Amino acid sequence: MSELMEKSFEKGGIYLVSPQLSMCSHVGHGFFTRQGGVSKGIFESLNFRYTGGDNENDIKRNYTIAAETIGGKYDDIVRTCQLHTDKIEVVREREGGFRQVGRPDGCDAIITNVPGVVLAAFYADCQMIMLYDKKQHAIAAVHAGWRGVANGILAKTIRKMGEEYGTQPKNIIAAVSPSICRRCFETDDDVKEILFEIYEDQVPDYFYREGNKWHIDLKMLTYSSLIRTGVLPYNIDLSSRCTRCGDPELYWSHRRTGNERGVHAGMIMLKP
Ligand SMILES: [Zn+2]
23 MSELMEKSFE KGGIYLVSPQ LSMCSHVGHG FFTRQGGVSK GIFESLNFRY TGGDNENDIK
83 RNYTIAAETI GGKYDDIVRT CQLHTDKIEV VREREGGFRQ VGRPDGCDAI ITNVPGVVLA
143 AFYADCQMIM LYDKKQHAIA AVHAGWRGVA NGILAKTIRK MGEEYGTQPK NIIAAVSPSI
203 CRRCFETDDD VKEILFEIYE DQVPDYFYRE GNKWHIDLKM LTYSSLIRTG VLPYNIDLSS
263 RCTRCGDPEL YWSHRRTGNE RGVHAGMIML KP
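Now the structure itself:
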């Protein structure tokens with residue numbers, strides 16, 4: 023397991039990459055921070071969120087910047103409709119233009135084996151997870167907050183890649199975005215009960231109690247769910263950075279600012 027690395031845009035600002043995915047010549051990818059875009063104010067600068075009131079032309083420009091940074095095109099972006107579901111969409115063709123899949127019921131994971139398609143999912147405390155099957159050349163973009171950790175979206179996505187592409191977990195490289203850390207992720211008994219039932223057999227200090235709140239380590243629960251599915255430990259890159267207590271110049275956090283914020287994207291593509 024290793025950390026994500028910083029990379030710089032030509033015009034300044036940083037984004038993050040997985041060391042292992044960076045070594046895969048067939049893959050373009052990036053975990054984006056607030057830097058490198060054109061939005062203003064609370065959306066400064068690389069915002070991908072349409073529902074917060076940001077200027078739509080600026081958002082379009084941000085999508086273009088991000089797609090081109092990883093070697094893709096705006097018109098090839100396919101994005102999630104994130105509603106904390108366990109629904110997975112399969113992209114079978116490149117044509118279709120910039121689009122959102124899974125509306126209106128939501129889809130929190132997208133998979134494809136079509137080169138050129140840029141998969142995008144979003145985070146701002148939640149996690150964005152990229153998967154790459156280095157044998158069958160298939161990719162996934164997954165969104166998982168605590169509900170996604172509870173509903174097993176990651177394991178279901180890997181199973182779906184198995185059905186569609188013959189993916190075996192041992193051939194998967196996984197990379198996990200910055201997300202809320204366990205010190206910042208406070209919950210009540212209800213959330214803890216749901217997750218504890220699934221992960222009770224895991225290392226107990228993924229859960230700890232402070233005052234009348236529970237603290238839960240979503241990063242390590244995601245790591246555990248990857249390992250349980252059969253992904254190999256050395257094929258997982260996971261960011262320890264926290265969107266809430268990390269640098270506010272780099273990250274938006276739903277817990278820090280509520281809805282007054284933009285959202286980060288992670289994008290992955292197979293190079294044509
Ligand atoms: Zn934190």
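Mind the numbering: the sequence shown is residues 23 to 294 in the numbering used here, read in order. Beta carbons are placed, not taken as given, at the ideal position from N, Cα and C, and that holds for glycine. A quick note: this is a predicted structure, and the numbers were derived from the prediction, not measured.
Start-to-end residues for the beta strand (DSSP E) that takes in residue i
i      : result
Lys237 : According to the sequence provided, residue 237 is His. The question's Lys does not apply to it. Note, His237: beta strand (DSSP E), 235-238.
Leu217 : Run containing Leu217: none in the beta strand (DSSP E); it sits in the alpha helix (DSSP H), 211-221.
Glu28  : 27-30
Ile87  : Where Ile87 is concerned, there is no enclosing beta strand (DSSP E), although the alpha helix (DSSP H) it sits in stretches over 78-91.
Tyr230 : 229-232
Tyr96  : Looking at the DSSP string, Tyr96 is not in any beta strand (DSSP E), and its letter there is neither H nor E.
Gly268 : Here Gly268 belongs to no beta strand (DSSP E), and DSSP marks it neither H nor E.
Gly58  : Per DSSP, Gly58 belongs to no beta strand (DSSP E) and is neither H nor E.
According to DSSP, residues forming a beta bridge with residue i
i      : result
His165 : Met150
Gln104 : Paired residues: none, contrary to the question.
Thr134 : Val113, Ile161
Asp259 : Ser24, Ala197
Asp155 : Ala160, Ile194
Ala142 : Arg101, Met289
Arg121 : Val100
Gly170 : Per DSSP, none; premise fails for Gly170.
Gly50  : Met291
Cys206 : Partner(s): none; Cys206 has no beta bridge.
Tyr245 : Looking at the DSSP assignment, Tyr245 forms no beta bridge with any residue, so it has no partner.
Ile36  : Ser30
Cβ pair residue i, residue j closer than 9 Å
i      : j      : result
Ser61  : Tyr145 : no
Thr251 : Leu176 : yes
Gly52  : Met242 : no
Gln122 : Val100 : yes
Phe120 : Asp97  : yes
Thr91  : Ile132 : no
Asp147 : Ser275 : yes
Arg71  : Val253 : no
Asp130 : Gly74  : no
Leu153 : Asp127 : no
Ser299 : Tyr228 : Outside the modelled stretch of the chain, which goes from 23 to 294, sits residue 299, for which no answer is possible.
Gln149 : Thr209 : no
Ile258 : Leu248 : yes
Lys178 : Cys46  : no
Ile194 : Leu43  : no
Val136 : Leu26  : no
Ala143 : His165 : yes
Trp168 : Val213 : yes
Enclosing alpha helix (DSSP H) for residue i [first to last residue]
i      : result
Gly184 : 175-187
His276 : 276-279
Leu43  : 41-44
When you compare the stretch 183-194 with the stretch 149-162, are there three or more beta-carbon pairs, one atom per stretch, that lie closer than 8 Å?
yes
Evaluate the contact criterion for the stretch 51-61 versus the stretch 24-37: three or more CB pairs, one atom per stretch, below 8 Å. yes
May I have all residues whose beta carbon comes closer than 7 Å to any heavy atom of ligand 1, sorted in chain order?
Ile202, Cys203, Arg205, Cys206, Cys264, Arg266, Cys267, Gly268
Determine, using beta-carbon pairs with one atom in the stretch 81-95 and one in the stretch 105-112, whether at least three such pairs fall under 8 Å. no
Open item on the list: Tell me whether the stretch 38-47 and the stretch 259-267 touch, counting them as touching only if at least three CB pairs, one residue from each stretch, are closer than 8 Å.
Closed with: yes
Taking 8 Å as the cut-off, does the stretch 212-220 touch the stretch 277-287 (at least 3 CB pairs, one atom from each stretch)? no
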